[in-house]
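Only one structure is covered here, and it is reproduced in the block below.
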Amino acid sequence: MTSRRVKVGIVGSGGIAQLVHIPSLKRIKEVELVAICDLHEDVVRAVARKYNIDKWYTDYIKMFEREELDAILNLTWHSAHAKVTIDAANAGLHVFVEKPMAVTIEECEDMIRACEKNNVKLMVGFMKRFDPSLMWVKEELNRGALGEVFMINSWYYDTEVHMKYVEGFIDEFIKPKKPICRGYEVTGDRHLDLLLTHGIHHADLLLWIGGNTNSLISCFKEYEKSYVSTTIIEFKNGAMGYFQMAGGIVDDWDEGLIIKGTMGSVRVKMRFPYFKWRSEAEVYLKHRGEYTTRLFPYRDMYLSELKHFIECIVEDKLPKPNGYDGLRAQRLIYAIYESAKLRKRVKLP
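Using numbering that gives the first Met the number 0, the first residue of the sequence shown is number 0, and each one after it goes up by one.
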């Protein structure tokens, strides 16, 4: 990248901002973190003080008007993603928006239109694409190392102590005294909320690795505090996919991906994203006739995705994942939801 510094503002100073994005921006020499905004004055004031951010606001429009910004990180709650992104685009600012891209498919489409109209970049926070093991798997698939892929399975099981994990990573986790928003609970349906909040990562991975889909069939089930969704997917290339996720389980976090091909298979175990773990992939290749484990050095996925975003601004490149990737994942999530609710197979465009 060049020596140019990109002036960035942040909208939303909650958990994901404090945990990863502010520390990550501070580590990128091409970035000048100018200001931060949040509806909760007590939180944004404290966060700005803690991380040495000179300017703070409770109105992001005023921040856009008063500060000389090149881009923003949209780290608000799900239901604000679309409005903040569109307002930023109309102000001529590049946008990195956390997943999910928005709440509805229509909002995603509106965000893309606004960014294209104003000629600004739009990147979606699917940080798992920057996992070294998954990047390696993608490269191996592209060169045909596994032969013809016929099965792609992924799973995500969310523990009931999720927030204890999260809060354990910050010495002083700054929370509002009187929360204004509802956070992740935006649709009134906990299956859809879980799909949008966490399942969206796997929707993106399945599409990134398996390509476009033909159809799927899904079902939901509830068990007291736990709830499960199971989906069978038919890809356009002929492969079959299986995606299962559950919330409120009495167990540790469990997340992974399995790919089977005519010449081999690979299994990736994903760990809780805030742990500093070495990425690994278990591989079986037919010509070798044995399992091997590929270990990859630790790489901060959140830092990597933000470096990519800044690089795309400086070098005028298309971000990956971009708004269209976010839209495809959103459509897959809603197809899963529709299939389970209607109890029938759903075709995708």
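The C-beta atom is built at its ideal place from N, Cα and C for all residues, glycine as well.
Closest by C-alpha distance to Lys285, out of Lys235, Glu29 and Gly146, is Gly146.
Counted as a single uninterrupted DSSP element, the beta strand (DSSP E) harbouring Tyr155 occupies residues Val148 to Thr158. Arg293 is the residue among Leu347, Asp324, Met300 and Arg293 whose C-alpha sits nearest the C-alpha of Trp135. The Cβ-Cβ distance between Asp37 and Val30 does not fall below 9 Å. In the displayed model, Glu254 falls within a strand according to three-state DSSP.
For His93, the secondary structure class from DSSP, reduced to helix, strand or coil, is strand.
By DSSP's assignment, Leu284 forms a beta bridge with Gly263 and Glu289. Cβ contact annotation for Cys107 (same chain, cutoff 8 Å, sequence separation greater than five): Ala81, Met100, Ala101, Gly322, Gly325, Leu326 and Gln329, in chain order.
Short of 7 Å from the beta carbon of Leu302, and not among the five residues preceding or following it, lie these beta carbons of its own chain, in chain order: Ser23 and Arg26.
Here Lys127 is buried: its Cβ has 16 or more other Cβ atoms, across all protein chains shown, within 10 Å.
Apart from the 5 residues on each side of it in sequence, Thr212 sits with its Cβ closer than 6 Å to the Cβ of Ile232, Phe234 and Leu347 in its chain, given in chain order. Restricted to the segment 82-145, the beta strand (DSSP E) segments that are unbroken, complete and at least 3 residues in length are 93-97 and 121-124, listed in chain order.
If you compare the alpha carbons of Val94, Ile104 and Arg112 with that of Leu121, the shortest gap goes to Val94. Taking the Cβ atoms as the reference, Gly124 lies roughly 7 Å from Val96, within the contact range of under 8 Å. Per DSSP, Ser12 has no beta bridge partner at all.
With respect to Arg266, Ala280 sits close: the two C-beta atoms are nearer than 9 Å. Beta-bridge partners of Leu32 (DSSP): Val7. Phe63 sits in a helix when the DSSP states are folded into three classes. DSSP places Tyr301 in no beta strand (DSSP E) but in the uninterrupted alpha helix (DSSP H) bounded by Met300 to Val313. Partner residues in the beta bridge of Ile71, as assigned by DSSP, are Gly8 and Val94. The beta carbons of Thr158 and Val46 sit no closer together than 9 Å.
For Arg277, the CB contacts under 8 Å within the same chain, skipping 5 residues up- and downstream, are Leu294, Phe295, Pro296 and Tyr297 in chain order. Residue state for Tyr336 is assigned as helix, using DSSP reduced to three classes. Spanning the alpha carbons of Val313 and Leu191 requires a straight line of approximately 37 Å.
Contact annotation, Asn152 with Ile216: C-beta distance approximately 15 Å; criterion of less than 8 Å not satisfied. Counting only residues of its own chain and dropping the five nearest sequence neighbours on each side, Ile179 has a CB closer than 6 Å to the CB of Leu38. DSSP places Trp55 within a strand segment (E or B) once states are collapsed to three. The C-alpha of Gln17 is placed about 22 Å away from the C-alpha of Leu193. Collapsing the DSSP output to three states places Lys268 in a strand. Only residues of its own chain outside the window of five on either side were considered, and among them Ser217, Cys218 and Gln243 have a CB closer than 7 Å to the CB of Thr229, listed in chain order. If you check the CB distance, Val10 and Ser78 do not come in under 9 Å.
Taking all protein chains in view, the Cβ of Asn236 is surrounded by fewer than 16 other Cβ atoms within 10 Å, so the residue is classified as exposed. Here Leu317 really is in contact with Cys311; their C-beta atoms are around 7 Å apart, less than 8 Å. In the displayed model, Ala238 falls within coil according to three-state DSSP, outside both helix and strand. When DSSP states are grouped into helix, strand and coil, Val249 belongs to the coil group.
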